[in-house]
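The next block holds one structure in the form of structure tokens; read it before the comments.
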Amino acid sequence: MSRPRISVGELMVKEVVKVDADSTLMEVAKKMREKNVGCVVVCEGKKPVGIITEWDIMEKVVAKNIKPGERRAKDVMSAPLISVNRKTDVLEAFKIMRAKKIRRLPVVEGGKLLGIISLIDMVSVFQRELAAEAEELIEKR
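Residues 57 to 197 (this note's numbering) are what the sequence shown spells out, left to right.
Here it is in structure tokens:
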């Protein structure tokens, strides 16, 4: 039996931490620590243009001995921003993440940031799907 597909909009986290493209990396790191998040979406005005993850800071700043007060978010963000819209099927979003080797995917519509979905958010959905399918198979026996 086919179950209805779950959209990204149903799973996304709506409270996304954002920073301005001209923020220093020190400001970015402090905001990530204060908000206890692993990434921030970089915006120019209200338009999302990139993303910075904890890995980006480690790889592009710390490992290269760059002074975080001297560089801007726009200097190290991953861009162009890879995103989906809220109607995107979770499985399709997962395929994009796997193909692009990313763990977080902003949800954007009409140039507006609506939320973000992570690989971890998807795992629980896939676990439930597998459990339901296994239960169906057992019942058919």
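We put the CB at the ideal spot given by N, CA and C, even for glycine.
Pairing A77 with A129 gives a Cβ-Cβ distance under 8 Å.
The alpha-carbon separation between F150 and S79 amounts to approximately 30 Å.
Judged by their CB atoms, D145 and S63 are nearer to each other than the 8 Å cut-off. For L170, the uninterrupted beta strand (DSSP E) run begins and ends at K168 to S174, by DSSP. Judged by DSSP in its simplified three-state form, I138 adopts coil rather than helix or strand. Per DSSP, I62 lies in no beta strand (DSSP E) and is assigned neither H nor E.
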